[in-house]
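Chemist:
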Amino acid sequence: MLDTRKVRGGNGLAPIDAEIDTILDDVFNITKEATESFFNAYNANPDKRVLASWLETRTWREIDYVFLLNEQIRRYGLRFQRNHITLLAKQSFQEAEHYEELGKAVLSLGGIVPITVPKAAVSWSNWLWECMDRHYLAAIAAWYVSETSASGSFEPTFKGAEVQGHMDVVRIYKQIEIDEKFHTGLGRQVLSTYAETDEDRDEILRAMKGMRDIAWKSFTPEVVAATMRAA
Amino acid sequence: MNPRPDNIFQSFSDQLSLKVEAVEVEAEGVLSLVLTDGFGGALPAWEPGAHIDLILSPDMTRQYSLCGDPAERDRWRIGVLLAPDSRGGSQFVHTRLHAGDIVQVVGPRNNFRLVEAEHHLFIAGGIGITPILPMIREVAAKGGRWTLLYGGRTENSMAFVKEIQELSGGDVHLVPQDKYGLLDLKRFLAAHKPGQVVYCCGPSPLIDAVEALCAGWPSGSLHQERFAPRARQEVGEDGEFEVELASSGRTLSVPAGKSLLKVLEEAGCKISNSCRAGICGTCLVKVLDGVPEHNDDLLDDEQRESGTVILPCVSRSKTKTLILDL
Chain G
1 MLDTRKVRGG
11 NGLAPIDAEI
21 DTILDDVFNI
31 TKEATESFFN
41 AYNANPDKRV
51 LASWLETRTW
61 REIDYVFLLN
71 EQIRRYGLRF
81 QRNHITLLAK
91 QSFQEAEHYE
101 ELGKAVLSLG
111 GIVPITVPKA
121 AVSWSNWLWE
131 CMDRHYLAAI
141 AAWYVSETSA
151 SGSFEPTFKG
161 AEVQGHMDVV
171 RIYKQIEIDE
181 KFHTGLGRQV
191 LSTYAETDED
201 RDEILRAMKG
211 MRDIAWKSFT
221 PEVVAATMRA
231 A
Chain X
232 MNPRPDNIFQ
242 SFSDQLSLKV
252 EAVEVEAEGV
262 LSLVLTDGFG
272 GALPAWEPGA
282 HIDLILSPDM
292 TRQYSLCGDP
302 AERDRWRIGV
312 LLAPDSRGGS
322 QFVHTRLHAG
332 DIVQVVGPRN
342 NFRLVEAEHH
352 LFIAGGIGIT
362 PILPMIREVA
372 AKGGRWTLLY
382 GGRTENSMAF
392 VKEIQELSGG
402 DVHLVPQDKY
412 GLLDLKRFLA
422 AHKPGQVVYC
432 CGPSPLIDAV
442 EALCAGWPSG
452 SLHQERFAPR
462 ARQEVGEDGE
472 FEVELASSGR
482 TLSVPAGKSL
492 LKVLEEAGCK
502 ISNSCRAGIC
512 GTCLVKVLDG
522 VPEHNDDLLD
532 DEQRESGTVI
542 LPCVSRSKTK
552 TLILDL
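As they're listed, the protein sequences go chains G and X.
Position one of the first sequence corresponds to residue 1 (the numbering used here), numbered consecutively onward.
Position one of the second sequence corresponds to residue 232 (the numbering used here), numbered consecutively onward.
1) For I309(X), write down the residues that DSSP places opposite it in a beta bridge.
2) Leaving out five residues on either side along the sequence, give the residues of the same chain with a beta carbon under 6 Å from the beta carbon of A462(X).
3) According to DSSP, which residues form a beta bridge with K250(X)?
4) Decide if the region 336-349 of chain X is in contact with the region 245-262 of chain X; the criterion is three or more beta carbon pairs, one per stretch, under 8 Å apart.
5) In chain order, what residues of the same chain have a beta carbon less than 6 Å from the beta carbon of Q464(X), not counting five sequence neighbours either side?
6) So with CB distances below 7 Å, who are the chain G contacts of S490(X)?
7) Out of curiosity, what's the CA-to-CA distance linking S263(X) and I214(G)?
8) Name the chain G residues whose beta carbon is nearer than 9 Å to that of L515(X)?
9) Taking contact to mean 3 or more Cβ pairs, one atom from each stretch, closer than 8 Å, check whether the region 58-69 of chain G and the region 138-150 of chain G are in contact.
10) Who pairs with A281(X) in a beta bridge, going by DSSP?
11) Please list the segments of the alpha helix (DSSP H) lying wholly inside the region 144-192 of chain G, counting only runs of 4 or more residues, in order along the chain.
12) Counting pairs of Cβ atoms below 8 Å between the region 80-89 of chain G and the region 33-43 of chain G, do you hit three or more?
13) Shortest alpha-carbon distance to R376(X) belongs to which of A390(X), S505(X), L352(X), V441(X)?
14) I believe S265(X) touches D332(X) by the beta-carbon criterion, under 8 Å. Please report the beta-carbon distance rounded to the nearest angstrom.
15) Is E199(G) buried or exposed, if buried means 16 or more other CB atoms sit within 10 Å of its CB?
16) Does chain X have any CB closer than 8 Å to the CB of N11(G)?
17) Please check if any C-beta of chain G sits within less than 8 Å of the C-beta of S503(X).
18) Give the straight-line distance between the Cα atoms of K159(G) and K48(G), rounded to the nearest whole angstrom.
19) Going along the region 80-92 of chain G in order, which residues come within less than 9 Å of chain X, judged by CB to CB distance?
20) For R481(X), which beta-bridge partners are listed by DSSP?
21) Which partner residues of D402(X) appear in the DSSP bridge assignment?
22) Span of the beta strand (DSSP E) holding Y42(G)?
23) Checking the sheet assignment: what are the DSSP bridge partners for Y430(X)?
24) With distances taken between CB atoms, is the gap from C544(X) to G509(X) smaller than 8 Å?
25) Could you tell me whether any Cβ in chain G is nearer than 8 Å to the Cβ of I309(X)?
26) Any beta carbon of chain X sitting closer than 8 Å to that of V50(G)?
27) Express the C-alpha separation of A105(G) and R5(G) in angstroms, rounding to a whole number.
28) Pop quiz: V429(X) and S399(X) are said to be a contact at Cβ under 8 Å. What is the actual Cβ separation, rounded to whole angstroms?
29) Applying the 10 Å Cβ sphere with the 16-neighbour rule, what's the burial state of A18(G)?
30) For R58(G), name the three-state secondary structure that DSSP assigns.
31) With a Cβ-Cβ cutoff of 8 Å, do V441(X) and Q455(X) count as a contact?
What follows is the structure, encoded as structure tokens:
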């Protein structure tokens with residue numbers, strides 16, 4: 001696999017490249033550990049409702065990305081090159097596909113497909129939308145971290161879901177893994193292309209650090225245990 | 232914030248409609264064209280080494296390097312040599328384009344990016360100075376060390392000399408052939424110097440000579456851009472080429488305007504992909520023979536130069552046939 005952090009764009013992130021990569025490494029590892037922790041617990045007591053509950057939050061994120069990306073285009077799209085508008089719209093379409101497919105998986109596990117923000121996703125969702133209001137690159141910076149965070153969940157999910165025979169979940173996550181290479185590459189390219197000033201870079205870092213902090217709070221063994229109990 | 236198109240001249244395709252703001256004679260047979268949106272708006276950002284496609288007519292598109300200052304966001308500048316063997320492009324620009332005309336442009340794209348180095352050795356032949364000039368400007372502005380070897384037929388044929396001489400910190404060698412003969416490449420390329428990168432642009436014989444002298448140097452130490460394809464590059468005028476699938480020996484034709492990935496999919500090849508725009512890298516395929524034309528945004532310089540991989544969603548072939556590990 002190629003490293004989408006190296007995607008070609010502009011030099012707008014050059015002064016903060018290293019700091020960004022550290023944030024991305026952090027969230028990848030946080031999510032990986034939390035997902036491993038979840039599947040370790042799940043495999044000890046495989047209750048489908050627990051897995052459905054775990055996936056519901058992720059399912060919401062997919063549809064929230066759809067809303068967010070369309071709003072990003074509506075508010076700020078004409079600042080971007082037209083190919084970037086197309087690619088943001090394409091990402092939005094793929095997120096909608098993920099919502100649909102993950103929704104099917106949740107239903108098959110006996111869960112409920114969320115149509116409002118689940119409690120566990122409130123701070124995450126609020127942060128994305130706050131970023132959208134602050135600066136035209138901030139929401140992209142926040143979802144770039146969030147998408148990278150999600151990529152930390154892939155391997156543990158493939159392993160954990162396969163052990164329990166949830167091959168639909170594996171198949172859906174395999175497609176999400178492919179698409180997220182695109183989404184993270186696009187995020188990096190858009191940010192590096194359009195960030196010009198120190199103020200832009202400050203807003204990008206603020207958005208990314210905020211999302212990392214939410215990941216820190218959301219993906220702890222205690223939160224995983226609470227998910228298991230709540231289901 | 233108030234979303235406003237940076238360029239109200241943009242149409243709903245990949246093209247920009249730009250105004251020829253000025254046409255200047257830069258040297259014997261060389262014109263520069265300054266392109267703007269006509270209203271002082273910002274054009275898409277670019278970096279040294281970038282080029283644009285100038286669509287001169289429905290069947291005539293030509294690539295020209297941007298040779299102005301990337302900091303001047305409201306304008307692009309290109310330099311165009313009236314080529315004696317012109318296939319119509321440079322002749323069109325020289326005889327039919329005038330200040331005030333509107334031209335269709337696609338880009339910018341950059342396949343010739345400037346990398347950081349302790350010392351840059353720039354080698355330009357003739358109109359090959361155009362992508363090199365913004366590179367020198369950037370290196371000079373950062374206080375970097377640079378050397379320029381610039382050759383031309385005659386002194387009068389060498390464009391942008393005054394601008395080059397105004398740039399600081401460099402070691403400039405201007406070599407009009409009628410006075411001094413060909414560039415003394417052996418002197419400057421006798422051995423690889425750690426920390427030095429070479430950038431070369433110009434006619435094929437110059438690039439062939441530079442490549443020969445740099446053969447065996449570490450990957451990434453030579454960056455070159457050809458205005459004309461290699462002699463063995465027999466790809467069709469319109470970009471059509473053939474692709475051979477190594478496992479079956481099956482040959483497929485890739486017509487102009489259709490992606491290699493699409494052709495492979497239609498032939499039944501299952502290739503992971505997502506963006507179809509050269510960003511995600513998931514459609515990576517191994518190349519066994521032929522020379523890929525890389526149009527993606529993801530492969531690094533070493534991967535590009537190796538010619539052993541391709542992203543078929545956007546990239547094509549410089550040779551008549553490309554053999555893929557499929």
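Ideal placement from N, C-alpha and C gives every residue a C-beta, glycine not left out.
Modeler: This is what the structure gives:
1) L264(X), L297(X)
2) Low per-residue confidence applies at A462(X): pLDDT is 42, beneath 50, and the placement is therefore not dependable, though the value from the model is reported in the following sentence. Contacts found: none.
3) T267(X), I333(X)
4) yes
5) Since pLDDT at Q464(X) reaches only 44, below the 50 mark, its modelled position is unreliable, and the value read off the structure follows with that caveat. The answer, listed in chain order, is K549, T550.
6) None at all; the shortest Cβ gap to chain G is about 14 Å.
7) 53 Å
8) M1, L2
9) yes
10) N341(X)
11) 154-163
12) no
13) L352(X)
14) First, the residue type needs correcting, since residue 265(X) is Val and not Ser in the sequence shown. Contact doesn't hold; Cβ gap of about 12 Å is too wide.
15) exposed
16) yes
17) yes
18) 16 Å
19) F80, Q81, R82, N83, T86, L87, K90, Q91
20) L476(X)
21) T378(X)
22) Element bounds for Y42(G): not the beta strand (DSSP E) but the alpha helix (DSSP H), 17-44.
23) F353(X), H454(X)
24) yes
25) no
26) no
27) 31 Å
28) With 8 Å as the limit, V429(X) and S399(X) do not qualify as a contact, their Cβ atoms being about 21 Å apart.
29) exposed
30) helix
31) yes
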